[in-house]
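*Asks:* The structure under discussion is supplied below as structure tokens; questions concerning it will follow.
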Amino acid sequence: MITLNHYLWISGLLFALGIAGIIIRRNLLVIFMALEMNLNAANLALIAFSKFNKLVDGQVLVFFIIAIAAAEVAVGLAIIVALFRRQQTVSVDELNSMRL
Amino acid sequence: MTIHDTLFWFFSFAMLFCGVLVISSRNPVTSAMFLVALFVFMAGLFVLLEAFFLAAIQILVYAGAVMVLFLFVIMLLNIQANERRKFRRLGLLGGLIVAGAFVWELAIILRAPIAAMVPGKAGFGGSLEAVVKPLFTNYMLPFEVTALLLLVAMIGVVLLSKKDLK
Numbered sequence: 002m003i004t005l006n007h008y009l010w011i012s013g014l015l016f017a018l019g020i021a022g023i024i025i026r027r028n029l030l031v032i033f034m035a036l037e038m039n040l041n042a043a044n045l046a047l048i049a050f051s052k053f054n055k056l057v058d059g060q061v062l063v064f065f066i067i068a069i070a071a072a073e074v075a076v077g078l079a080i081i082v083a084l085f086r087r088q089q090t091v092s093v094d095e096l097n098s099m100r101l
Numbered sequence: 020m021t022i023h024d025t026l027f028w029f030f031s032f033a034m035l036f037c038g039v040l041v042i043s044s045r046n047p048v049t050s051a052m053f054l055v056a057l058f059v060f061m062a063g064l065f066v067l068l069e070a071f072f073l074a075a076i077q078i079l080v081y082a083g084a085v086m087v088l089f090l091f092v093i094m095l096l097n098i099q100a101n102e103r104r105k106f107r108r109l110g111l112l113g114g115l116i117v118a119g120a121f122v123w124e125l126a127i128i129l130r131a132p133i134a135a136m137v138p139g140k141a142g143f144g145g146s147l148e149a150v151v152k153p154l155f156t157n158y159m160l161p162f163e164v165t166a167l168l169l170l171v172a173m174i175g176v177v178l179l180s181k182k183d184l185k
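Right under this line is the structure:
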């Protein structure tokens, strides 16, 4: 019998993987991908709650989260491309000054 | 074990396995491919939770549009794979400590089964009408604001891609 706790465990483990990816990796693009994993973990938790409480509001919120995450990825990648044009690197070890 | 339980365990473990491979691959393109697989397994979990419309939207938007954008940018920047993964020891240790602390908290919180809040309104479903009807009635304001936000994001992306701001 799969209960709500099972889904929340899976969502939490995926979120922990995302946080570990953000802290461990040095490549900006992989950090951004781990961020998307975090958002997906939150989506899973919302839909699990929506099903087990029989309310549809969780699914509506996930609809908004997916739309806003897509916009965020577009803007974030535009920033990364602009940054790469200036500094010729996407490693956060070398992107350590605010000098243009 | 019913088919439902079997599919849940399969999708969950495949998703977490893909997640581990996303954050530990040497090549960013490999990470992106495993992220696409993760989104597809996540859509499978959505279907198990009877959120059919959102499973389709997840495949279309996340696996279809967002990851294609990621791959375009990776190919555009021509990121080379690291020959030798220069992991900072401190970074690896810090990441594992933070993730471990989070999982420990999760174990504490999820010790007791979480009970349902309300008996549940009528008209719950995962179909298109059930999800979209509140979108046009109760959540009309966030809907319009999200449309405005998408417009602002589009303008911002075009502006950020200009070579010189003349």
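Line by line, the protein sequences give chains A and X.
The first sequence begins at 2 in this note's numbering and counts up by one.
The second sequence begins at 20 in this note's numbering and counts up by one.
Glycine included, C-beta positions come from ideal geometry on N, C-alpha and C.
Quantities reported herein were computed from a predicted structural model and do not represent experimental measurements.
#1: Around the C-beta of Gln77(X), are 16 or more other C-beta atoms found within 10 angstroms, so that it is buried, or is it exposed?
#2: Which word fits Ile116(X), buried or exposed, when buried means at least 16 other C-beta atoms lie within 10 angstroms of its C-beta?
#3: Can you tell me whether Phe155(X) is buried or exposed? The criterion is at least 16 other CB atoms within 10 Å of its CB, across all chains shown.
#4: Using only CA atoms, which one of Asn28(A), Gln89(A), Leu40(A) and Leu45(A) lies nearest to Phe30(X)?
#5: Between the Cα of Phe32(X) and the Cα atoms of Val59(X), Lys182(X), Leu178(X) and Val48(X), which residue gives the shortest distance?
#6: What does the alpha-carbon distance come out to for the pair Ile93(X) and Met2(A)?
#7: Please return the same chain residues whose Cβ sits closer than 6 angstroms to the Cβ of Leu40(A), not counting the five positions on each side in sequence.
#8: Taking Leu167(X) as the reference, give the member of Lys52(A), Val74(A), Arg87(A) and Ala68(A) with the closest Cα.
#9: For a cutoff of 9 angstroms on Cβ pairs, would you count Leu30(A) as touching chain X?
#10: Consider the Cβ of Glu95(A): report whether some Cβ of chain X lies at a distance smaller than 9 angstroms.
#11: Where does Ala21(A) land, buried or exposed, given buried means 16+ other C-beta within 10 angstroms?
#12: What does Leu45(A) reach in chain X if we use C-beta pairs closer than 7 angstroms?
#13: For Ala51(X), I'd like the list of residues in its chain whose CB is within less than 7 angstroms of its CB, leaving aside the five on either flank, ordered along the chain.
#14: So, at 6 angstroms on beta carbons, what are the nonlocal neighbours of Leu178(X) in its own chain, with the 5 sequence-adjacent residues on each side left out?
#15: Is the segment 8 to 22 of chain A touching the segment 32 to 39 of chain A in the sense that three or more CB pairs, one from each, lie closer than 8 angstroms?
#16: Would a C-beta distance cut-off of 9 angstroms place His7(A) and Phe65(X) closer than the cut-off?
#17: When you compare each of Ala70(X), Leu79(X) and Ala75(X) to Gly59(A) by their alpha carbons, which one comes out closest?
#18: Would you identify the three-state DSSP class for Ser31(X), choosing helix, strand or coil?
#19: Determine the DSSP secondary structure at Asn6(A), reduced to helix, strand or coil.
#20: Of the choices Val39(X), Val122(X), Val48(X) and Ile133(X), whose alpha-carbon is the least far from that of Phe50(A)?
#21: Do you know offhand how far Arg100(A)'s Cα is from Leu9(A)'s?
#22: Against chain A, does Asp24(X) count as a neighbour if the rule is that its beta carbon must be under 9 angstroms from one of theirs?
#23: Should Ser180(X) be labelled buried (16 or more other beta-carbon atoms within 10 Å of its own) or exposed?
#24: Are the beta-carbon atoms of Leu96(A) and Leu47(A) separated by less than 9 angstroms?
#25: For Ser44(X), count neighbouring C-beta atoms within 10 Å of its own C-beta (all shown protein chains included) and say buried if the count is 16 or more, exposed if not.
#26: When you compare the CB positions of Ala149(X) and Val63(A), do they come within less than 9 angstroms of one another, or not?
*Replies:* Put simply:
#1: Its Cβ being crowded by 16 or more others within 10 Å, Gln77(X) is buried.
#2: Sixteen is the threshold: since fewer than 16 other Cβ atoms of the shown chains lie within 10 Å of the Cβ of Ile116(X), the residue is exposed.
#3: With fewer than 16 neighbouring CB atoms inside 10 Å of its own CB, Phe155(X) falls in the exposed class.
#4: Closest by alpha carbon: Leu45(A).
#5: For Phe32(X), the closest of Val59(X), Lys182(X), Leu178(X) and Val48(X) by C-alpha to C-alpha distance is Val59(X).
#6: If you draw a straight line from the Cα of Ile93(X) to the Cα of Met2(A), it comes to about 42 angstroms.
#7: Sequence-distant partners of Leu40(A) (beyond 5 residues in either direction) whose C-beta falls short of 6 angstroms from its own C-beta, in its chain, are Ala70.
#8: Looking at the Cα atoms, Ala68(A) is the closest of the given residues.
#9: So yes, Leu30(A) belongs to the interface.
#10: With 9 angstroms as the cut-off, Glu95(A) does not count as an interface residue toward chain X.
#11: Ala21(A) should be labelled buried.
#12: Correct list: Met61 and Leu64.
#13: Same-chain partners within the cutoff: Met86, Phe89, Leu90 and Ile93.
#14: Cβ within range, chain order: n/a, list empty.
#15: Output reads yes: the segment 8 to 22 of chain A touches the segment 32 to 39 of chain A.
#16: It is not a contact, given that the beta carbons lie outside the stated cut-off.
#17: The residue from Ala70(X), Leu79(X) and Ala75(X) with its alpha-carbon nearest to that of Gly59(A) is Ala70(X).
#18: Three-state DSSP puts Ser31(X) in a helix.
#19: In this structure, Asn6(A) counts as helix in the three-state DSSP scheme.
#20: Nearest option by C-alpha distance: Ile133(X).
#21: When the Cα atoms are used, Arg100(A) and Leu9(A) turn out to be separated by approximately 43 angstroms.
#22: Yes, Asp24(X) lies at the interface with chain A (some Cβ there is under 9 angstroms from its Cβ).
#23: Result: exposed.
#24: Between Leu96(A) and Leu47(A), the CB-CB gap reaches or exceeds 9 angstroms.
#25: With a 10 Å radius around the Cβ and a threshold of 16 neighbouring Cβ atoms, Ser44(X) comes out buried.
#26: Cβ atoms of Ala149(X) and Val63(A): not closer than 9 angstroms.
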